[in-house]
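First the structure, in the form of structure tokens, and then the observations on it.
Number of protein chains: 2
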Amino acid sequence: MGRGGGVAARLKDVAERAGVSVRTVSNVVSNAPAVAPDTRARVRRAIDELGYRPNLAARNLRQGRTGLIGLAIPEIHSPYFGELAGLLVEAARERGWTLLIEQTAGSAERELEFLSGRASNTLDGMAISPWAIGTEQLRRHTGGTPLVVLGESDPQGAADHVVIDNVAAAREMTSHLLESGRTRVAAVGSQPHLGNGTAALRLRGMHEALAAAGRTIDPALEVPVASLHREEGRRAMGRLLDHGSPPDAVFCFSDELALGAVYEAKRRGLDVPGDVAVAGFDDIEDGRYATPGLTTISPRKDQIAASTLQCLADRVYGRLDHLPARRITVPHRLVVRESTGR
Amino acid sequence: MGRGGGVAARLKDVAERAGVSVRTVSNVVSNAPAVAPDTRARVRRAIDELGYRPNLAARNLRQGRTGLIGLAIPEIHSPYFGELAGLLVEAARERGWTLLIEQTAGSAERELEFLSGRASNTLDGMAISPWAIGTEQLRRHTGGTPLVVLGESDPQGAADHVVIDNVAAAREMTSHLLESGRTRVAAVGSQPHLGNGTAALRLRGMHEALAAAGRTIDPALEVPVASLHREEGRRAMGRLLDHGSPPDAVFCFSDELALGAVYEAKRRGLDVPGDVAVAGFDDIEDGRYATPGLTTISPRKDQIAASTLQCLADRVYGRLDHLPARRITVPHRLVVRESTGR
DNA sequence: CACGAAGCATGCAACGTTGCAATAGGCGCG
DNA sequence: CGCGCCTATTGCAACGTTGCATGCTTCGTG
Chain W
1 MGRGGGVAAR
11 LKDVAERAGV
21 SVRTVSNVVS
31 NAPAVAPDTR
41 ARVRRAIDEL
51 GYRPNLAARN
61 LRQGRTGLIG
71 LAIPEIHSPY
81 FGELAGLLVE
91 AARERGWTLL
101 IEQTAGSAER
111 ELEFLSGRAS
121 NTLDGMAISP
131 WAIGTEQLRR
141 HTGGTPLVVL
151 GESDPQGAAD
161 HVVIDNVAAA
171 REMTSHLLES
181 GRTRVAAVGS
191 QPHLGNGTAA
201 LRLRGMHEAL
211 AAAGRTIDPA
221 LEVPVASLHR
231 EEGRRAMGRL
241 LDHGSPPDAV
251 FCFSDELALG
261 AVYEAKRRGL
271 DVPGDVAVAG
281 FDDIEDGRYA
291 TPGLTTISPR
301 KDQIAASTLQ
311 CLADRVYGRL
321 DHLPARRITV
331 PHRLVVREST
341 GR
Chain B
1 MGRGGGVAAR
11 LKDVAERAGV
21 SVRTVSNVVS
31 NAPAVAPDTR
41 ARVRRAIDEL
51 GYRPNLAARN
61 LRQGRTGLIG
71 LAIPEIHSPY
81 FGELAGLLVE
91 AARERGWTLL
101 IEQTAGSAER
111 ELEFLSGRAS
121 NTLDGMAISP
131 WAIGTEQLRR
141 HTGGTPLVVL
151 GESDPQGAAD
161 HVVIDNVAAA
171 REMTSHLLES
181 GRTRVAAVGS
191 QPHLGNGTAA
201 LRLRGMHEAL
211 AAAGRTIDPA
221 LEVPVASLHR
231 EEGRRAMGRL
241 LDHGSPPDAV
251 FCFSDELALG
261 AVYEAKRRGL
271 DVPGDVAVAG
281 FDDIEDGRYA
291 TPGLTTISPR
301 KDQIAASTLQ
311 CLADRVYGRL
321 DHLPARRITV
331 PHRLVVREST
341 GR
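In order, the protein sequences belong to chains W and B.
First residue of the first sequence? That's 1 in full-length UniProt numbering, and the numbers climb one at a time after it.
First residue of the second sequence? That's 1 in full-length UniProt numbering, and the numbers climb one at a time after it.
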């Protein structure tokens, strides 16, 4: 029986056509060594003629692997997460994996659903950039599926962890602003209610730099936000400018916040950087083409992606299965553009 | 045997614990009607106690479905495709599907690889936003897996097709520019070498509007681009401004091109919209927060996503299996902001 | 010439699930 | 009281693949 029409060919069909056993075809497909050259050629031809493609469901069932890696991020269309997701898709592809993206919309419920949901047997590995949940909830991850945590929210040994040095980065940015002559540096982006501790670290780095320069810390210049979107940055800048003695520099904890802040400053007729310097964080593409070009912290996103997949590969294929969780710090650099110039 | 430790529970384990057959557990899991209420309750309890989750690989193998939909777009991190991908992920999720995103980087090779690659048996359905390939290559799609084509490149019956009326949209935008007093309208974004015919349609719409207003068409004001990115928009604007008699309005075929164009105009000390009006296409978030706010064409992206999944659902589950391919036109609207104001 | 090794090919079983057909028990009706 | 029908439950087989063990050659060596 040749299984006519559009029905997908199976190993059995190829075997019949090539006049060998199913097992031999399987050996050819999986590049097993013990196959005679002419047999291999004959099988290859049959495969081409029938357009055979392995049935992944069957392979997965047999091997207990799916070839799928899950990624949970707050939203795909945000510039930062979009760029990161794109890099992760490529990195996964290079390793023969397929990346599957889940959006959590920054909701704790959906983040937890991702961690406990399909994980158990649909995915070979998972990566999450947590937003609402923190260390406590990540620690509950019981290891069934390898997990990599991106960004803050230290899983404390419950999973591998890829980060940048947020404290140092914020320190560098703050120092840059102070060294270029700014005296009242505001911070936009603290998020006191979130599990994700990123903002707290950046605030700490900023405080360290202020202290090192002998400046006092003015709590009125630290504006919390509900999200890292442009609209929040715009609102925050508005509040700062309405303040009795407004800042001459604003350090936003994301480029999007910074773009919103710049928008509001310009809307009010202020010059950036003349009247107020604005700096961001993430180095998204928009920042490069904004006027003025946005000064920012640029994390090596490509290395974040590479490290994430390396961690997963080590746990899925390697013998690092029961080694203690790793913590990988990816480098970053300060990119100075016009928005903080003189 | 209870399969201790972290090993995933199977139907068999649940069955033993609940004192029923494997088949009955399966019936409970799939909400089959013929199960006595107390049996159902007992099985449910066992499921919870063991933390049972169905093994999708096995289910897929048995049913011939995977629950996966593939999406191929040029790049995730572009604002337009990022927003679209996010909406599609949500729409798929609502229908119990998982969307898997493939990046083609606008390469014909990778687009074709997507169409013929894993499709045959890993995906329940596919959607592609073609860039380099055109009608000819799409027509070769032989229907194994349901396919939806997004944007131009009419598959001519080989697949369902979701579009906006690019000709009408470009006509509306051009008329808007002419009506607000502009006389020399340039077009940035034609892509003569591409299979994807979107740019050609927008150019046609523009010509129609020019003709309707009794204007002549100046080929020197039509600038081709290699991509739809900001950098290309910037370059194109540079070329137009170096031209002997520069335009007083520039219609860019994407918002990103427009943002690049605005950047270059401002860099040269020109006022937008005072000296030159700039309009885009796509209505990406950046355009809303740019200064000046970007006039654009806003396609109903949510409807594109919804229609795409509706088409796929009809073919995968429904009885529309062998109905002729559909073509769905999604509405759009002209959004006037400051970049074309007076 | 016999024997082991090496190279190649094969058959069987199992992964966890669900479609199909069949069974056991309960009930109403003739 | 017995027949048939309906409900609840069950067993068997199969989806397409690969791990394991084994069989069949052929060749080299003592």
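Built from N, CA and C at the ideal position, the CB exists for glycine as well.
Proximity to residue i [Cα-Cα], best of the options
i                      : options                       : result
residue 301 of chain B : B:323, B:330 and B:278        : B:330
residue 295 of chain W : W:23, W:279, W:307 and W:305  : W:279
residue 78 of chain W  : W:105, W:219 and W:90         : W:105
residue 263 of chain B : W:262, W:251 and W:292        : W:292
residue 49 of chain B  : B:17, B:214 and B:317         : B:17
residue 223 of chain B : B:209, B:208, B:213 and B:242 : B:242
residue 165 of chain W : W:103, W:282 and W:189        : W:282
residue 305 of chain B : B:178, B:161 and B:190        : B:161
residue 159 of chain W : W:138, W:176 and W:175        : W:138
residue 335 of chain W : W:260, W:213 and W:176        : W:176
residue 267 of chain B : W:251, W:290 and W:235        : W:290
residue 181 of chain W : W:204, W:128, W:247 and W:163 : W:247
residue 202 of chain W : W:251, W:89, W:110 and W:32   : W:251
residue 316 of chain W : W:189, W:271, W:97 and W:236  : W:97
residue 72 of chain W  : W:171, W:116, W:173 and W:339 : W:116
Any C-beta of chain B under 9 angstroms from that of residue i
i                      : result
residue 38 of chain W  : no
residue 109 of chain W : no
residue 290 of chain W : yes
residue 8 of chain W   : yes
residue 269 of chain W : no
residue 310 of chain W : no
residue 304 of chain W : no
residue 95 of chain W  : no
residue 149 of chain W : no
residue 99 of chain W  : yes
residue 317 of chain W : no
Span of the beta strand (DSSP E) around residue i
i                      : result
residue 417 of chain W : Nothing can be reported for residue 417 of chain W, as the shown portion of chain W is limited to 1 through 342.
residue 284 of chain B : That residue, residue 284 of chain B, is in no beta strand (DSSP E); it is neither H nor E in DSSP.
residue 277 of chain B : 277–279
residue 312 of chain W : Taken as a continuous stretch (DSSP letters only), residue 312 of chain W belongs to no beta strand (DSSP E), being part of the alpha helix (DSSP H) at 301–316.
residue 327 of chain W : 327–330
C-beta neighbour in chain W for residue i, strict 9 angstroms
i                      : result
residue 159 of chain B : no
residue 90 of chain B  : yes
residue 78 of chain B  : yes
residue 115 of chain B : no
residue 139 of chain B : no
residue 12 of chain B  : no
residue 221 of chain B : no
residue 236 of chain B : no
residue 128 of chain B : no
residue 286 of chain B : yes
residue 49 of chain B  : no
residue 259 of chain B : yes
residue 85 of chain B  : yes
residue 204 of chain B : no
residue 277 of chain B : no
Start-to-end residues for the alpha helix (DSSP H) that takes in residue i
i                      : result
residue 343 of chain B : With chain B covering 1 to 342 only, the question about residue 343 of chain B has no answer from this structure.
residue 37 of chain B  : 37–50
residue 23 of chain B  : 22–29
residue 235 of chain B : 230–242
residue 32 of chain W  : Neither: residue 32 of chain W is in no alpha helix (DSSP H) and is coded neither H nor E.
residue 337 of chain W : Premise fails: residue 337 of chain W is in no alpha helix (DSSP H) and is neither H nor E.
residue 260 of chain B : 255–267
Sequence-distant residues of its chain with Cβ nearer than 6 angstroms to residue i (five each side left out)
i                      : result
residue 169 of chain W : 297 and 332
residue 228 of chain W : 254, 256 and 257
Cβ neighbours of residue i in the same chain (closer than 7 angstroms, five flanking residues each side left out)
i                      : result
residue 12 of chain W  : 22
residue 226 of chain B : 232
residue 65 of chain W  : 124
Same chain, Cβ closer than 8 angstroms to residue i, neighbours up to 5 away in sequence not counted
i                      : result
residue 34 of chain B  : 27
residue 178 of chain W : 185, 209, 210, 213 and 215
Which runs of the beta strand (DSSP E) at least 3 residues long sit entirely within the stretch 158–227 of chain W? Give them in chain order. Runs of the beta strand (DSSP E) lying entirely within the stretch 158–227 of chain W, each at least 3 residues long, are 160–164, 185–190 and 222–224 in chain order.
Starting from the N-terminal side, write out each stretch of the alpha helix (DSSP H) that is 4 residues or longer and does not extend beyond the stretch 56–109 of chain W. Within the stretch 56–109 of chain W, the complete alpha helix (DSSP H) runs of at least 4 residues fall at 56–63 and 79–94.
Ignoring anything shorter than 3 residues, give me the beta strand (DSSP E) runs that lie fully in the stretch 109–153 of chain B, in order along the chain. Whole beta strand (DSSP E) segments, 3+ residues: 125–128 and 147–150.
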